[in-house]
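First comes the structure, then the notes that go with it.
Number of protein chains: 2
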Amino acid sequence: MSKKSFQDYYPDSLSHCYGCGALNEKGLQIQSYWDGDESIARFSPKDYHLAFPGYVYGGLIASLIDCHCVGTAAAAAYRHEERAPGTKPSFRYVTASLQVDYIKPTPLGPQIEIRAAVEEIKGKKTIITATVKAGPEISARGRVVAVRIPDHLLPDE
Amino acid sequence: MSKKSFQDYYPDSLSHCYGCGALNEKGLQIQSYWDGDESIARFSPKDYHLAFPGYVYGGLIASLIDCHCVGTAAAAAYRHEERAPGTKPSFRYVTASLQVDYIKPTPLGPQIEIRAAVEEIKGKKTIITATVKAGPEISARGRVVAVRIPDHLLPDE
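Chains as they are written, first to last, in my numbering: chain V, 1 to 157; chain C, 158 to 314.
What follows is the structure, encoded as structure tokens:
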């Protein structure tokens, strides 16, 4: 596992996201890493992140999938171009669509593990699939279509 | 527009959801109402609910769609059975799947409006579609498959 997360390579001007921005003090600060060909993020939910007593809130699961997959799309773009993470121009993606299938309730308590894999990179569009579990069983599956932000729309770094 | 929200009819034992539970003090406390055949929820995001400076976090949009649609599924079940909201047995739904298409960035600042409509009620499954906007233009569309929680899994009220 790398020492720096995908999000650590985001320029400061793009590090304010509620889900994964290192500079958003009130946010979730999701951190994603390569683990071989997959990417992984781990998140410890707060006791108030519940849907029903004992189970994780589905909107949090959607948020974790979203940010982890968009981060994976950016990291995969560097790999795809065989460039070192963080080199210019920066890769940064936004979500075009998000699909989450809730297979079973996710228990609230254990650390949540989100794993993602690249399904396809095609031009500016990258499709990422993800699984979520908190314990031994996968409780949700996600699929994100991420689109690269055009350079001219990126804030100055 | 009704005076009581859909969520006001949830029993206390099911009112802890981070997205829409009236008893979750740290949650979003989404409130949904009928507006004719559609349902509507309005939400004022905090300044830290951003994706990039000036735009709403996509995970928040997914959360708003999720809770508003699940609430609409419950309210629609009462209408479908021609029962008054809140009468026993309680209707309460969970999300089986959530699809969000992000059409354009949602500006951060104006109140967000989420509108939903029932696409189909079939047994314990209800499909709800939704639109999101903060300003004049629709910025996201959602589709939720909601499933009724079996009575025997509901906590005692």
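Where a beta carbon is used, it is the ideal one built from N, C-alpha and C, also for glycine.
Cβ pair Ile-128 (chain V), Ala-116 (chain V) closer than 8 Å: Here the question's residue 128 (chain V) lines up with position 128 in the first sequence. Here the question's residue 116 (chain V) lines up with position 116 in the first sequence. For Ile-128 (chain V) and Ala-116 (chain V), yes; Cβs fall inside 8 Å.
Limits of the unbroken beta strand (DSSP E) element including Val-213 (chain C): Within the second sequence, the letter at position 56 stands for residue 213 (chain C). Counted as a single uninterrupted DSSP element, the stretch harbouring Val-213 (chain C) is not any beta strand (DSSP E), since DSSP gives it neither H nor E.
Closer than 8 Å to chain V by CB, Cys-226 (chain C): As a first step, residue 226 (chain C) must be located in the second sequence, where it is residue number 69. No, its Cβ sits nowhere closer than 8 Å to a Cβ of chain V.
Contact check, Ile-197 (chain C) vs Leu-221 (chain C), beta carbons under 8 Å: The sequence position of residue 197 (chain C) within the second sequence is 40, counting from 1. The sequence position of residue 221 (chain C) within the second sequence is 64, counting from 1. In this structure, the beta-carbon distance from Ile-197 (chain C) to Leu-221 (chain C) does not fall below 8 Å.
Thr-131 (chain V) - DSSP class collapsed to helix/strand/coil: Residue 131 (chain V) sits at position 131 when you count from the first residue of the first sequence. If DSSP states are grouped into helix, strand and coil, Thr-131 (chain V) belongs with the strands.
Closer than 8 Å to chain V by CB, His-252 (chain C): Here residue 252 (chain C) corresponds to residue number 95 of the second sequence, with the count starting at 1. Before going further, note that residue 252 (chain C) is Thr rather than His in the sequence given. Yes, its Cβ sits closer than 8 Å to a Cβ of chain V.
Cβ shell of Gln-111 (chain V) (< 8 Å), same chain only, five flanking positions each side left out: Here the question's residue 111 (chain V) lines up with position 111 in the first sequence. Cβ neighbours of Gln-111 (chain V) beyond the five flanking positions: Arg-42, Phe-43, Ser-44, Ala-134.
Interface partners of Asp-223 (chain C) on chain V, CB under 8 Å: Taking the second sequence and counting its residues from 1, the one referred to as residue 223 (chain C) is at position 66. In chain order: Gly-58, Gly-59, Ala-62.
Where the segment 111-139 of chain V meets chain C: residues whose CB sits under 8 Å from a CB there: Contact annotation: in the segment 111-139 of chain V, no residue has its CB less than 8 Å from a CB in chain C.
Short Cβ contact (8 Å threshold) for Tyr-190 (chain C) with Pro-242 (chain C): Locating residue 190 (chain C) in the second sequence gives position 33, counting from the first residue. Locating residue 242 (chain C) in the second sequence gives position 85, counting from the first residue. Not a contact, by the Cβ cut-off of 8 Å.
Alpha carbon of Ile-114 (chain V) to alpha carbon of Glu-294 (chain C), nearest angstrom: By one-based count along the first sequence, residue 114 (chain V) stands at place 114. By one-based count along the second sequence, residue 294 (chain C) stands at place 137. Straight through space, the alpha carbons of Glu-294 (chain C) and Ile-114 (chain V) are spaced by roughly 33 Å.
Within-8 Å CB hit, Pro-53 (chain V) to chain C: Sequence index remark: in the first sequence, residue 53 (chain V) carries index 53 (1-based). Yes, because at least one Cβ of chain C sits closer than 8 Å to the Cβ of Pro-53 (chain V).
Extent of the continuous beta strand (DSSP E) run through Arg-305 (chain C): In the second sequence, residue 305 (chain C) corresponds to position 148, counting from 1. Run containing Arg-305 (chain C): 295-305, per the beta strand (DSSP E) assignment.
C-beta atoms of Ala-73 (chain V) and Thr-131 (chain V) nearer than 8 Å: For the purposes of this step, residue 73 (chain V) is identified with residue 73 of the first sequence, where counting begins at 1. For the purposes of this step, residue 131 (chain V) is identified with residue 131 of the first sequence, where counting begins at 1. No, they are not a contact pair.
One or two residues paired with Tyr-175 (chain C) in a DSSP bridge: Here residue 175 (chain C) refers to the residue found at position 18 of the second sequence. Answer by DSSP bridge pairing: none, since Tyr-175 (chain C) is not bridged.
Identity of the residue in C:Tyr-250, C:Leu-207, C:Arg-300, C:His-309 nearest Lys-26 (chain V) by Cα: Working through the first sequence from its first residue, we reach residue 26 (chain V) at position 26. Lys-26 (chain V) has its Cα closest to that of C:Leu-207, out of C:Tyr-250, C:Leu-207, C:Arg-300, C:His-309.
Status (buried if at least 16 other CB within 10 Å, exposed otherwise) for Arg-240 (chain C): To locate residue 240 (chain C), count along the second sequence from 1; it is residue 83. Burial check for Arg-240 (chain C): the Cβ neighbour count within 10 Å stays below 16, so the residue is exposed.
DSSP three-state assignment for Thr-263 (chain C), whether helix, strand or coil: Within the second sequence, numbered from 1, the residue matching residue 263 (chain C) stands at position 106. Coil at Thr-263 (chain C), not helix or strand.
Residue burial classification, Arg-236 (chain C) (beta-carbon count within 10 angstroms, cutoff 16): The residue given as residue 236 (chain C) occupies position 79 in the second sequence. Exposed, by the Cβ-count rule.
Integer-rounded CB distance, given that Val-304 (chain C) should sit under 8 Å from Cys-226 (chain C): Along the second sequence, one-based indexing puts residue 226 (chain C) at 69. Along the second sequence, one-based indexing puts residue 304 (chain C) at 147. Under the criterion of beta carbons closer than 8 Å, Cys-226 (chain C) and Val-304 (chain C) do not qualify as touching, at roughly 12 Å.
Contact with chain C by Lys-104 (chain V), beta-carbon distance below 8 Å: For the purposes of this step, residue 104 (chain V) is taken as residue 104 along the first sequence, with counting starting at 1. For Lys-104 (chain V), not one C-beta of chain C is nearer than 8 Å to its own C-beta.
Phe-248 (chain C) versus Asp-12 (chain V): straight-line alpha-carbon distance, rounded: To locate residue 248 (chain C), count along the second sequence from 1; it is residue 91. To locate residue 12 (chain V), count along the first sequence from 1; it is residue 12. The alpha-carbon atoms of Phe-248 (chain C) and Asp-12 (chain V) are separated by roughly 46 Å.
Counted within 10 angstroms of its Cβ, other Cβ atoms place His-173 (chain C) as buried (16 or more) or exposed: Position 16 of the second sequence, counted from the first residue, corresponds to residue 173 (chain C). Buried is the call here.
8 Å Cβ cutoff, Leu-50 (chain V) in contact with chain C: The count along the first sequence starts at 1 and reaches residue 50 (chain V) at position 50. So, interface residue.
Closest residue to Thr-252 (chain C) among C:Cys-224, C:Leu-311, C:Tyr-205 (Cα-Cα distance): As a working note, residue 252 (chain C) is residue 95 in the second sequence. Check the Cα spacing between Thr-252 (chain C) and each of C:Cys-224, C:Leu-311, C:Tyr-205: the tightest is with C:Cys-224.
Inter-residue Cα distance where the pair is Leu-104 (chain V) and Lys-4 (chain V): Counting from one through the first sequence, the residue named residue 104 (chain V) turns up at place 104. Counting from one through the first sequence, the residue named residue 4 (chain V) turns up at place 4. Note on identity: in this sequence residue 104 (chain V) is Lys, with Leu being the wrong assignment. Cα-Cα distance, rounded: 32 Å.
Distance between Phe-163 (chain C) and Glu-195 (chain C) (C-alpha atoms, nearest Å): Taking the first residue of the second sequence as 1, we reach residue 195 (chain C) at position 38. Taking the first residue of the second sequence as 1, we reach residue 163 (chain C) at position 6. Straight through space, the alpha carbons of Phe-163 (chain C) and Glu-195 (chain C) are spaced by roughly 13 Å.
Short CB-CB distance (under 8 Å) between Asp-12 (chain V) and chain C: For the purposes of this step, residue 12 (chain V) is identified with residue 12 of the first sequence, where counting begins at 1. Chain C, which has no Cβ nearer than 8 Å to the Cβ of Asp-12 (chain V), makes this no.
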